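Numbering (my numbering), first residue to last: 2 to 838. All residues carry an ideal CB built from backbone N, CA and C; glycine is no exception. Treat the numbers as computed from the prediction; the structure is a model and nothing was measured. Beneath this line is the structure, given in structure tokens, with notes to follow.
Okay, here's the thing in structure tokens:
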């Protein structure tokens, strides 16, 4: 083993003291170095755009290669395969597929806000259809791309050798417009990514012009011009808070929605029409996904989906089922499909050779600096060329002034070299002047041609003065830049396509629920449900009614109220506690269903039962909740104190031993408080007599009760309304509020209705207007809806009229006032009702 020449330990040492001259390298160090080199190559040379022209290297090479091939916007098209081959062979030694994909995207009007390649043939579609093969398509530059390349031949940019040193390519383009933000960019590098949305050219040019004229401008000033991203596919931007954040920090998140409108199909059917979709959303996949969700019952209310798009524009039709709310269906589409899409903004670009996250102000400053450099370099180039021409023209002028001597001297010379040297020696011409004079055509000796030389010299000298003025004055230089920017705006500026809408935030469950009035019923055993209010048709007084709720033999309906599906329901209990509930969270199980027990919706404590509900849409500070107890105690609180109850409930009213909460009402500014007892007494007093208290307070005496009596109801009533009283045997009456004497809080009250054997005791009181409807529910489950004006108006001590015929032994459980539906179902004057248990 020791004599084995293959053993590295026995191999001869090199001059550096290592086997074979090899250097030991730590693999960890080498991997880090090699990976960082690779990462920077990808970051700088492939994936990220340059802030100066807004282009990635492959895009820049395509545009420059097409310019070198003479494919201007006013020239003939050329096969895309030839363009790709020339660019790949001269500048971009990578796969032809990636080159063609880039060229195709630069020609797609739904991908680029301002296209840079004018394509002829199939270049794909918003449906995701692939473009035709490059051998079938043709392309040339657009006028906008030419503006980005303009003046590239005037020493305005730096060039570098191409990959094989056979030619040179520009490191960046002159970029007459702020292309980075106008067309946006997206790319994934190593450890970083960029995602810049496109913007409107007019807005960006206006902001750039303002910044050129006001170098110390702040971001707020620029935001007067730049409203937000402007996508080629349009859509609606849901607020611009995310865009503003990106303009400040370089990062943000925006939400874009499709543009939708509603069209009637028939009397009770509508369609949702989509004319614009979010940026980079595949229309075909969008429709396919929506159809799949409809089939899987994840999207409801849609009967048909059609794509009626044509060359005139996009049109996606969602036909709705009969009676569906288009706003609710549209919100479901926004939530579950790409009709609403998020867009994460990362404004990362290469600036001064380094990847930087750029805000709007920082980017526009870099663009203005870039344009200043371009214009200065172009002016220096033009000045140099003008001086060179002036130098020759001065030589021509001097030669023409001594033309006979010049001709004689040239004729006497034996060779051009000798003639040139003689001109230099005799007239002190420079070598260039002397050579140009020798090459001067004889036709230039005519009088007309001599004048042309003089005129050209004057013109050149004027231009030289202009160039010197531009280079010598920052103000003149900036005015020239502004002039050129405004010319770009005039040529390519257009109207904004993406509308800036209101901030929507996340779509909540409430946005997916139709806003409609509901009748909410609760049984004695605690079963709660909601039913659309228009389920109950209006009937005449004494009508038979219809099924409203299914109950068991030992249960009956006890509470009834009306509220919108978007309302909050304040749930008050007998222990003076309050719970918070959404109407749409209450189950809708049809007219005969029992619903769900209230204990499954709110966390009631042991021994606690629900005593009242209060539908509330908004929690205003200047509105009040008035609560009354069984023993006549009353309390008033601002509605705002009940805005955020906890899941376990909050204290709404501190109760005395043996007392219970029996009613809670909303009280407006000019309302009066009306309380009534089981034995037919009532009291009326201004609500100002009850001061507003905190949540845990007990309250004050509202009404003095006789022995064995108790309060059965309390309402906050307007002066021009009437009080409707309902007794447990199905009788009732309407009485003007003015018939009840206005007293002070805490009095015994006056007679409200005679509680005879026929009437029974009072079961409910409520405030009514002439066009209100009345829903009455018996304990057995029978429900009837009648117009309130069918109940005769009488004095406060009258016995009233029959409202509903009850089965023997049945009693009224609850009554409620609802809005007029405008629909009447004649069903007899004294019908028997319908049993619904």
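{"Check": "Residue 790 (DSSP reduced to helix, strand or coil)", "Outcome": "helix"}
{"Check": "Exposure label - residue 593; buried when at least 16 CB within 10 Å", "Outcome": "exposed"}
{"Check": "Cβ separation of residue 129 and residue 285, assumed to be a contact under 8 Å, to the nearest whole Å", "Outcome": "6 Å"}
{"Check": "Distance CB(residue 768)-CB(residue 818) smaller than 9 Å", "Outcome": "yes"}
{"Check": "Buried or exposed by the 16-neighbour rule on C-beta atoms within 10 Å, applied to residue 452", "Outcome": "exposed"}
{"Check": "With 16 other Cβ atoms within 10 Å as the buried cut-off, status of residue 530", "Outcome": "buried"}
{"Check": "Backbone secondary structure at residue 770 - three-state DSSP", "Outcome": "coil"}
{"Check": "Given residue 147 as reference, the closest of 63, 229, 127 and 88 once Cα atoms are compared", "Outcome": "63"}
{"Check": "Integer Cβ distance of residue 733 from residue 804, believed to fall under 8 Å", "Outcome": "5 Å"}
{"Check": "Span separating the alpha-carbon of residue 639 from that of residue 310", "Outcome": "55 Å"}
{"Check": "Cutoff 8 Å; reference residue 720; Cβ partners in own chain excluding five residues on either side", "Outcome": "671, 673, 738 and 739"}
{"Check": "CB-CB length for residue 444 against residue 396, believed under 8 Å", "Outcome": "Not a contact, Cβ separation roughly 18 Å."}
{"Check": "Cutoff 7 Å; reference residue 342; Cβ partners in own chain excluding five residues on either side", "Outcome": "257, 279 and 282"}
{"Check": "Pairwise C-alpha distance: residue 684 and residue 548", "Outcome": "Here the model assigns residue 548 a pLDDT of 48, short of 50, so the residue's position is not dependable and the matter cannot be decided."}
{"Check": "C-beta atoms of residue 842 and residue 346 nearer than 9 Å", "Outcome": "The structure shown has nothing for residue 842, since the chain only spans 2 to 838."}
{"Check": "As assigned by DSSP and simplified to three states, the class of residue 253", "Outcome": "strand"}
{"Check": "Inter-residue spacing [alpha-carbon to alpha-carbon] between residue 324 and residue 269", "Outcome": "6 Å"}
{"Check": "Cβ contact (3+ pairs, closer than 8 Å) linking the stretch 211–222 and the stretch 65–85", "Outcome": "no"}
{"Check": "Limits of the alpha helix (DSSP H) - the one that residue 182 falls within", "Outcome": "180–183"}
{"Check": "Whole-angstrom C-beta distance between residue 425 and residue 419, which should lie under 8 Å", "Outcome": "Between residue 425 and residue 419 the Cβ distance is about 11 Å, and since that is not below 8 Å, they are no contact."}
{"Check": "Supposed close pair residue 375, residue 152 - CB separation, criterion 8 Å", "Outcome": "7 Å"}
{"Check": "Whole-Å CB distance - residue 577 paired with residue 653, under 8 Å assumed", "Outcome": "6 Å"}
{"Check": "Whether residue 521 touches residue 614 by CB criterion (9 Å)", "Outcome": "yes"}
{"Check": "Burial state of residue 93 (16 or more Cβ within 10 Å)", "Outcome": "buried"}
{"Check": "Beta-bridge partners of residue 305, as assigned by DSSP", "Outcome": "320"}
{"Check": "Cβ contact (3+ pairs, closer than 8 Å) linking the stretch 738–755 and the stretch 693–710", "Outcome": "yes"}
{"Check": "For residue 637: DSSP bridge partner residues", "Outcome": "627 and 693"}
{"Check": "Sheet register partners of residue 120 (DSSP bridge)", "Outcome": "140"}
{"Check": "The stretch 109–122 / the stretch 132–143 touching (three or more Cβ pairs under 8 Å)", "Outcome": "yes"}
{"Check": "Contact check, residue 565 vs residue 519, beta carbons under 9 Å", "Outcome": "yes"}
{"Check": "Alpha carbon of residue 490 to alpha carbon of residue 206, nearest angstrom", "Outcome": "7 Å"}
{"Check": "Residue nearest to residue 622 in terms of C-alpha spacing, selected from 610, 630 and 694", "Outcome": "694"}
{"Check": "At least three beta-carbon pairs within less than 8 Å, the stretch 38–49 to the stretch 349–361", "Outcome": "yes"}
{"Check": "Span separating the alpha-carbon of residue 103 from that of residue 123", "Outcome": "15 Å"}
{"Check": "Under the three-state DSSP convention, the category residue 705 falls into", "Outcome": "coil"}
{"Check": "For residue 193, three-class secondary structure by DSSP", "Outcome": "coil"}
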